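**Student:**
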Amino acid sequence: MGRSVGEIVMEELVYLYKLASLGLTYPNEAHWSAIERIVSEREALFEGETLDMVSDFTGQFNGVSIGDVRSDYLTFFDLGGQISPYETEYLTEKISRKPFELADIAGFYRAFGLSVNQSSDDKEMVDHISVELEFMALLTSKEIYAIETNSKEHEEIVVDAKGKFLKDHLARWGFFYCRQLESLEGGGLYKSLGKIVEAVLTLECERYGLDKTVYNKDLTREALNGVRSDTLACGPLSGEV
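Each residue of the sequence shown is one higher than the last, beginning at 1 in the UniProt record's numbering.
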């Protein structure tokens, strides 16, 4: 019998974070190719319930064209779309704190030597779901490296940062975001990604002793009209593991 979702090993977790990050950003050619590589290796990377979830995504992925997914992305997530992919649009009870929240997220990235790819044509705000998921993938990779090199101090630093980022940011809105994905009419690709991210967040909350029910609640949205400021915008994150 294969492993259950609750038994996902960290190497699998890195790939799940990466897959979700790539799938939830605007589908350009580079992202599409990276997803193709991950799904082509799925049987070697995953097993059990995790493989079932990824296989569901793979079936959806193989059944659409990049053009169709681009159209869906703009319909579902573009400015004024059905779902906001930006964390701070859900802070309606404290809108005045948005600049501070953005700065806090960016501070997490800088603390781990993660830099902005200034040459990237697909810059996103730091609170975009895909950027936050990419950051968690990088932290998980750093945690694996610290364990492999028996660096307890570095491991503790990374684990502490992951727990805080999950508590203060990703978990706070991620569950609601996933429920929105899963309630879409159409958009099977995004529904399957919602299930993956929800499973990962559930697992991570259990690991860090966070009560999922505290975070798994309905949120309201302060939809942004116009152009988002490019302050604190970033392309793909890069940094040394």
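Backbone N, C-alpha and C define an ideal beta-carbon position, used for all residues, glycine too. None of the values given here were measured: they were computed from a predicted structure.
Cutting at 6 Å between CB atoms, please list the residues of its own chain near Asp56, excluding the five before and the five after it.
**Tutor:** Hits under 6 Å: Ser192.
**Student:** Would you mind sorting Ala146 into buried or exposed? The rule is 16 or more other CB atoms within 10 Å of its CB.
**Tutor:** Label assigned to Ala146: buried.
**Student:** What is the residue span of the alpha helix (DSSP H) that Gln180 lies within?
**Tutor:** Here the alpha helix (DSSP H) through Gln180 covers 171–182.
**Student:** Which first and last residues belong to the alpha helix (DSSP H) in which Pro99 is found?
**Tutor:** Counting along the chain, the alpha helix (DSSP H) containing Pro99 begins and ends at 98–111.
**Student:** Check whether the Cβ atoms of Tyr90 and Arg221 lie closer than 8 Å to each other.
**Tutor:** The answer is yes: Cβ separation under 8 Å.
**Student:** Which of the three DSSP states is assigned to Glu12 in this structure?
**Tutor:** Of the three classes helix, strand and coil, the one that applies to Glu12 here is helix, per DSSP.
**Student:** For Val14, count neighbouring Cβ atoms within 10 angstroms of its own Cβ and tell me buried if that reaches 16, exposed if not.
**Tutor:** Counting Cβ neighbours within 10 Å, Val14 comes out buried, since at least 16 surround it.
**Student:** Mind the definition here: the stretch 16–33 touches the stretch 125–137 only if three or more C-beta pairs lie below 8 Å; say whether that holds.
**Tutor:** Short answer: they touch.
**Student:** Would you mind stating whether Arg70 and Pro27 have Cβ atoms separated by less than 8 Å?
**Tutor:** Yes. Within cutoff.
**Student:** According to DSSP, is Thr231 part of a helix, a strand, or is it coil?
**Tutor:** Confidence is the limiting factor: at Thr231 the pLDDT is only 43, short of 50, which leaves the residue's position unreliable and the question unanswerable from this model.
**Student:** Let's test the definition: count the other Cβ atoms within 10 Å of the Cβ of Leu79 and tell me whether it reaches 16, buried, or not, exposed.
**Tutor:** Exposed is the call here.
**Student:** Between Glu124 and the rest of its own chain, which residues show a CB-CB distance below 6 Å, the 5 nearest in sequence each way excluded?
**Tutor:** Excluding residues within five positions, the ones whose Cβ falls inside 6 Å are Val131.
**Student:** The alpha helix (DSSP H) with Ile144 in it runs from where to where?
**Tutor:** Ile144 -> alpha helix (DSSP H) spans 129–148.
**Student:** So, are the CB atoms of Leu210 and Ala161 less than 8 Å apart?
**Tutor:** Taking 8 Å as the Cβ cut-off, Leu210 and Ala161 do not qualify as a contacting pair.
**Student:** According to DSSP, is Gly43 part of a helix, a strand, or is it coil?
**Tutor:** Here residue 43 is Glu; the residue named in the question, Gly, does not match the sequence. Of the three classes helix, strand and coil, the one that applies to Glu43 here is helix, per DSSP.
**Student:** Can you give the Cα-Cα distance for Gly194 and Arg110, rounded to whole angstroms?
**Tutor:** C-alpha separation (whole angstroms): 28 Å.
**Student:** For Gln60 and Gly188, what's the separation of their Cα atoms in angstroms?
**Tutor:** If I take the Cα positions, the gap works out to 6 Å.
**Student:** So, with DSSP's three-state summary, where would you put Tyr190?
**Tutor:** Helix, per DSSP.
**Student:** Tell me which residue opens and which closes the alpha helix (DSSP H) that residue 268 is part of.
**Tutor:** As shown, the chain starts at 1 and ends at 241. That puts residue 268 outside it, with no answer to give.
**Student:** Roughly how many angstroms separate the alpha carbons of Leu51 and Glu41, rounded to a whole number?
**Tutor:** Distance between the alpha carbons of Leu51 and Glu41 is about 11 Å.
**Student:** On the DSSP bridge assignment, give the partners of Tyr86 in chain order.
**Tutor:** His128.
**Student:** Indicate whether Pro45 and Ile196 have their beta-carbon atoms separated by less than 8 Å.
**Tutor:** At residue 45 the sequence reads Leu, which differs from the Pro that was named. Going by C-beta atoms, Leu45 is not nearer than 8 Å to Ile196.
**Student:** Quick test of your reading: Phe165 and Tyr215, contact by CB under 8 Å. State the CB separation rounded to the nearest angstrom.
**Tutor:** About 13 Å; that fails the 8 Å criterion.
**Student:** Between which two residues does the alpha helix (DSSP H) carrying Gly59 extend?
**Tutor:** From DSSP, the alpha helix (DSSP H) with Gly59 extends over 48–62.
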